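Q: Submitted below is the structure of interest, expressed as structure tokens.
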Amino acid sequence: MTDLYERFSRAVDALARLGDYPYGERRQAWLDRLRVNLPELEALDALAPETELGYLAPPPAAPGDKLPAAQAGRGIAVSRHAPGIAAIAREARDAPERAAEPAKAALAAARQQAGLNAFITLSDTPALDGAAAAAARKLREGAAMPLMGVPFAVKDLMQVAGFSQTNGSGGLKPPPALRDALAVARLREAGALVVGTTNLHELAYGITSENPHYGWVGNPRAAGYTAGGSSGGSAAAVAAGIVRLAIGTDTAGSIRIPAACCGVVGFKPTFDAISRDGAQALGASLDHIGPIAASVADAALAYSIMAGQAERTVSVGALRGLRVGVPRNYFYAPLAEDVAHAVDQALARMQADGAVLVPIDLPGVEHSAALQFATLCSEATDIHWRRLVDQPETLGADVRVRLEIGQFFPATWYARAQRGRAVLAHRFEQAMQAVDVLVTPTLRIEPPRSGGGAVEIGGQEVPLHTAVTGLTMPFNLTGMPALTLPCGSGANGLPIGLQIAGARGADWRVLNAAARVEALLAA
Numbered sequence: 059m060t061d062l063y064e065r066f067s068r069a070v071d072a073l074a075r076l077g078d079y080p081y082g083e084r085r086q087a088w089l090d091r092l093r094v095n096l097p098e099l100e101a102l103d104a105l106a107p108e109t110e111l112g113y114l115a116p117p118p119a120a121p122g123d124k125l126p127a128a129q130a131g132r133g134i135a136v137s138r139h140a141p142g143i144a145a146i147a148r149e150a151r152d153a154p155e156r157a158a159e160p161a162k163a164a165l166a167a168a169r170q171q172a173g174l175n176a177f178i179t180l181s182d183t184p185a186l187d188g189a190a191a192a193a194a195r196k197l198r199e200g201a202a203m204p205l206m207g208v209p210f211a212v213k214d215l216m217q218v219a220g221f222s223q224t225n226g227s228g229g230l231k232p233p234p235a236l237r238d239a240l241a242v243a244r245l246r247e248a249g250a251l252v253v254g255t256t257n258l259h260e261l262a263y264g265i266t267s268e269n270p271h272y273g274w275v276g277n278p279r280a281a282g283y284t285a286g287g288s289s290g291g292s293a294a295a296v297a298a299g300i301v302r303l304a305i306g307t308d309t310a311g312s313i314r315i316p317a318a319c320c321g322v323v324g325f326k327p328t329f330d331a332i333s334r335d336g337a338q339a340l341g342a343s344l345d346h347i348g349p350i351a352a353s354v355a356d357a358a359l360a361y362s363i364m365a366g367q368a369e370r371t372v373s374v375g376a377l378r379g380l381r382v383g384v385p386r387n388y389f390y391a392p393l394a395e396d397v398a399h400a401v402d403q404a405l406a407r408m409q410a411d412g413a414v415l416v417p418i419d420l421p422g423v424e425h426s427a428a429l430q431f432a433t434l435c436s437e438a439t440d441i442h443w444r445r446l447v448d449q450p451e452t453l454g455a456d457v458r459v460r461l462e463i464g465q466f467f468p469a470t471w472y473a474r475a476q477r478g479r480a481v482l483a484h485r486f487e488q489a490m491q492a493v494d495v496l497v498t499p500t501l502r503i504e505p506p507r508s509g510g511g512a513v514e515i516g517g518q519e520v521p522l523h524t525a526v527t528g529l530t531m532p533f534n535l536t537g538m539p540a541l542t543l544p545c546g547s548g549a550n551g552l553p554i555g556l557q558i559a560g561a562r563g564a565d566w567r568v569l570n571a572a573a574r575v576e577a578l579l580a581a
């Protein structure tokens, strides 16, 4: 075992005796978990402090429009003929007396597919009462309500009036929330109807949604394979056709990972573009809120409303002149062969549509796992410390040990990680001046089997968390918008995700580009 592991073992012994947390029988579990992440610890320990950029890099300004007219701007007004949730809302506005029908159908579908464990709580009353209120408001005020009658689901990590917020964790259920999280409130104000709260990896601290309290979330695409996490229930509900829209959260990829595993669209916008008010934090500097949807257009419309913008959807036009950065130095190796093939095929279609593929280097991105690990372990343990001390028995084994080890991270490591993030954000900002978007795989592999551990890529054993989160977490560290959409199937017939990212503030650029790619891949 390495010198770092031995040093950390001694630090665990010393610090545990100073703290107010039970030590004894938990020691070996802590060291076993630290061994899993030893490569990240070693990388962080070896990372040279780079202070010349200052402690925090200022967020870069939103880029100017560099795209062709069809791709530029901040979206276009929603067409009366737009498909998906816009069409559902149009029909509800045309016939307010039938506004509850889509929600009734969603509730019935959720109950018919209860074996997916996609939902923690379903309730008819909020949806039906909401439909009646929306119909009355439409008749009384002629309100626009761009999402009237659209059923949607909310990850059970957010406040939803009338629903208990469990955070996917054990212990007694809290009383129903008295208010909505702001993102939920904005969707409801637009006429959308909550049908339920969705299952997740406990406390959103994991990538499989194998929840010990509410059951493992199934993948609607293939039994026995992971739905991804932590927003697995939201992605499964959309993939199963129960709803076309669900809310997720994303700290290291928790919107994009399950969306990719389930073959739907997941969008993590620029950091804080959607308010986190009313959502349980996990890593306060990494958490994002965004939509999981059946199409890019649905995700874009939901995003515009959740972000408090004017009602918008995507502008779909040819990619002619779009500069697509292809960062081969980290994002494209190692990759499963079927993932590499699917992504290369997507890039070829983009190029045929007029996109200019630009090989690009993103120096420092190889440190992402170390920076993420130090940041998230420290922040998550700080946020959940009282729960960990007072009610550790109510936590699942994997989440409990991850929270426990966070108490042993030196403040110097956390500070070093934040300096490293500032450097990384600055380098990404510089790289984005040469391109309009970045295109990468979302995962290095197809969705893995449920309950699995390490996976094999090109004959090499790779830890599951590396294979699943390695390509998504850099955009949490930098706060950049990133979207995943399906781009074919792998050797086992499971979905493969394509990730499109942009500079901070370039959310609509990412959405517009993704809408065109979605159309190209569907042709």
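Going by my numbering, the letters in the sequence shown line up with residues 59 to 581, in that order.
Every residue gets a Cβ at the ideal spot worked out from N, C-alpha and C, and that includes glycine.
These numbers come from a predicted model, not from an experiment.
Going by C-alpha to C-alpha distance, which of A571, L240, R148 and D103 sits closest to G375?
A: Counting from one through the sequence shown, the residue named residue 375 turns up at place 317. Of the candidates A571, L240, R148 and D103, the one whose C-alpha sits nearest the C-alpha of G375 is A571.
Q: Looking at the unbroken beta strand (DSSP E) that takes in T536, where does it start and where does it end?
A: Translated into the one-based positions of the sequence shown, residue 536 becomes position 478. Not the beta strand (DSSP E): T536 falls in the alpha helix (DSSP H), residues P532 to T536.
Q: By DSSP's criteria, D308 is part of a beta bridge. Which residues make up the other side?
A: Your numbering for residue 308 matches position 250 in the sequence shown. Note: D308 sits in a beta bridge opposite H346.
Q: Is E451 buried or exposed, if buried means 16 or more other CB atoms sit within 10 Å of its CB?
A: Numbered from 1 along the sequence shown, position 393 holds the residue referred to as residue 451. The residue in question, E451, is exposed, as its Cβ has fewer than 16 Cβ neighbours within 10 Å.
Q: S67 to E462, Cα distance in whole Å?
A: In the sequence shown, residue 67 corresponds to position 9, counting from 1. In the sequence shown, residue 462 corresponds to position 404, counting from 1. Their backbone Cα atoms lie some 14 Å apart in a straight line.
Q: Can you name, in chain order, every residue of its own chain whose Cβ lies under 8 Å from the Cβ of L482, other than the five neighbours on each side?
A: Reading the sequence shown from its first residue, position 424 is the one you call residue 482. Within the same chain, L482 has close Cβ partners G422, V423, H425, S426, L429, P532, L535 and T536.
Q: Which runs of the alpha helix (DSSP H), 4 residues or longer, sit entirely within the stretch 208-232?
A: Listed in chain order, there is nothing to give.
Q: Within this structure, are the beta carbons of T397 and E504 separated by less than 8 Å?
A: On the sequence shown, position 339 is the one that residue 397 refers to. On the sequence shown, position 446 is the one that residue 504 refers to. The identity of residue 397 in the sequence shown is Val, whereas the question assumes Thr. Contact: yes.
Q: Using the rule of at least 16 other Cβ atoms within 10 Å of the residue's Cβ for burial, across every protein chain shown, is L434 buried or exposed?
A: Taking the first residue of the sequence shown as position 1, residue 434 is located at position 376. Classification of L434: buried, given that the 10 Å Cβ count is 16 or more.
Q: For V414 and V382, which I take to be in contact (beta-carbon distance under 8 Å), what is that distance rounded to the nearest angstrom?
A: The sequence position of residue 414 within the sequence shown is 356, counting from 1. The sequence position of residue 382 within the sequence shown is 324, counting from 1. At roughly 7 Å, the Cβ-Cβ gap stays under 8 Å, so V414 and V382 are in contact.
Q: Buried or exposed: where does N18 fall if 16 or more other Cβ atoms within 10 Å of its Cβ makes it buried?
A: It is not possible to answer for residue 18, since the shown part of the chain is limited to 59 through 581.
Q: Applying the 10 Å Cβ sphere with the 16-neighbour rule, what's the burial state of G286?
A: What you label residue 286 is simply residue 228 of the sequence shown in a count that begins at 1. Per the 10 Å Cβ criterion, buried.
Q: What whole-angstrom Cβ distance do T256 and G299 have, given they're in contact under 8 Å?
A: Taking the sequence shown and counting its residues from 1, one reaches residue 256 at position 198. Taking the sequence shown and counting its residues from 1, one reaches residue 299 at position 241. Not confirmed; about 15 Å, so no contact.
Q: Mind checking if S288 is an interface residue toward chain C, Cβ cutoff 8 Å exclusive?
A: As a matter of chain content, chain C is missing from the structure shown, which is built from one protein chain.
Q: Assuming G306 and K213 form a contact by the criterion Cβ under 8 Å, report the distance between their Cβ atoms to the nearest whole angstrom.
A: Residue 306 sits at position 248 when you count from the first residue of the sequence shown. Residue 213 sits at position 155 when you count from the first residue of the sequence shown. With a Cβ gap of about 5 Å, G306 and K213 count as contacting.
Q: Rounded to a whole number of angstroms, what is the C-alpha to C-alpha distance between M206 and R474?
A: Start at 1 with the first residue of the sequence shown, and residue 206 comes out as number 148. Start at 1 with the first residue of the sequence shown, and residue 474 comes out as number 416. Answer to the nearest angstrom: the Cα atoms are 48 Å apart.
Q: For Q476 and G464, what's the separation of their Cα atoms in angstroms?
A: Numbered from 1 along the sequence shown, position 418 holds the residue referred to as residue 476. Numbered from 1 along the sequence shown, position 406 holds the residue referred to as residue 464. So the two alpha carbons sit approximately 16 Å from each other.
Q: Can you give, in chain order, each stretch of the alpha helix (DSSP H) that sits fully within the stretch 267-305 and has at least 4 residues?
A: The qualifying runs are 290-297.
Q: Assign T231 to one of two classes, buried (16 or more other C-beta atoms within 10 Å of its C-beta) or exposed (fewer than that).
A: Taking the sequence shown and counting its residues from 1, the one referred to as residue 231 is at position 173. According to the sequence provided, residue 231 is Lys. The question's Thr does not apply to it. K231 comes out exposed.
Q: Taking the alpha-carbon positions, what's the V526 to L501 distance?
A: By one-based count along the sequence shown, residue 526 stands at place 468. By one-based count along the sequence shown, residue 501 stands at place 443. Cα to Cα, V526 sits roughly 5 Å from L501.
Q: Quick check: the Cα distance between G311 and P154, rounded to an integer number of angstroms?
A: The residue given as residue 311 occupies position 253 in the sequence shown. The residue given as residue 154 occupies position 96 in the sequence shown. The straight-line gap from Cα to Cα measures roughly 38 Å.
Q: Rounded to whole angstroms, what is the Cα-Cα separation between A150 and G188?
A: Your numbering for residue 150 matches position 92 in the sequence shown. Your numbering for residue 188 matches position 130 in the sequence shown. The straight-line gap from Cα to Cα measures roughly 13 Å.
Q: Find out if the Cβ-Cβ distance for the pair A339, I265 is shorter than 8 Å.
A: By 1-based counting over the sequence shown, the position of residue 339 is 281. By 1-based counting over the sequence shown, the position of residue 265 is 207. Not a contact, by the Cβ cut-off of 8 Å.
Q: What is the DSSP secondary structure of S181, reduced to helix, strand or coil?
A: Here residue 181 corresponds to residue number 123 of the sequence shown, with the count starting at 1. Coil at S181, not helix or strand.
Q: Can you tell which of L92, A87 and A540 has the C-alpha that lies nearest to the C-alpha of R65?
A: The residue you call residue 65 lines up with position 7 of the sequence shown. Closest by alpha carbon: L92.
Q: Can you give me the C-alpha to C-alpha distance between I178 and S343, rounded to a whole angstrom?
A: Taking the first residue of the sequence shown as position 1, residue 178 is located at position 120. Taking the first residue of the sequence shown as position 1, residue 343 is located at position 285. The alpha-carbon atoms of I178 and S343 are separated by roughly 27 Å.
Q: Go through its chain and collect everything with a Cβ distance to R507's Cβ below 8 Å, but skip five positions before and after it.
A: In the sequence shown, residue 507 corresponds to position 449, counting from 1. Around R507: G282, Y283 and T284.
Q: In this structure, how does DSSP classify L377 when only helix, strand and coil are distinguished?
A: The residue labelled residue 377 in the question sits at position 319 within the sequence shown. Three-state DSSP puts L377 in coil, outside helix and strand.
Q: Keeping to the same chain, check which residues put their C-beta closer than 7 Å to that of G511; ignore five residues upstream and five downstream.
A: The residue you call residue 511 lines up with position 453 of the sequence shown. Closer than 7 Å at the Cβ level, and outside the excluded window around G511, lie L522.
Q: Check whether the stretch 552-564 and the stretch 354-368 are in contact - that is, three or more C-beta pairs closer than 8 Å.
A: Verdict: no, contact absent.
Q: Drop a sphere of 10 angstroms on the beta-carbon of L236, count the other beta-carbons inside from all chains shown, and report buried for 16 or more, exposed for fewer.
A: Taking the sequence shown and counting its residues from 1, one reaches residue 236 at position 178. That one is exposed.
Q: Looking only at its own chain, which residues have a Cβ that is under 8 Å from the Cβ of D448, when we skip the five neighbours before and after it?
A: Walking along the sequence shown from the start, residue 448 turns up at place 390. Excluding residues within five positions, none has a Cβ falling inside 8 Å.
Q: So, using beta-carbon positions, are R314 and D308 closer together than 8 Å?
A: To locate residue 314, count along the sequence shown from 1; it is residue 256. To locate residue 308, count along the sequence shown from 1; it is residue 250. Their beta carbons are under 8 Å apart, which means R314 touches D308 by this criterion.
Q: Could you tell me the distance, in whole angstroms, from the CA atom of A294 to the CA atom of L245?
A: Looking up residue 294 in the sequence shown gives position 236. Looking up residue 245 in the sequence shown gives position 187. Rounded to whole angstroms, A294 to L245 spans 20 Å at the Cα level.
Q: Can you tell me where the alpha helix (DSSP H) holding E247 begins and where it ends?
A: Walking along the sequence shown from the start, residue 247 turns up at place 189. Note, E247: alpha helix (DSSP H), L240 to E247.
Q: In angstroms, rounded to a whole number, what distance separates the CA positions of D152 and L174?
A: For this step, residue 152 is matched to residue 94 along the sequence shown. For this step, residue 174 is matched to residue 116 along the sequence shown. Computed Cα separation, rounded: 34 Å.
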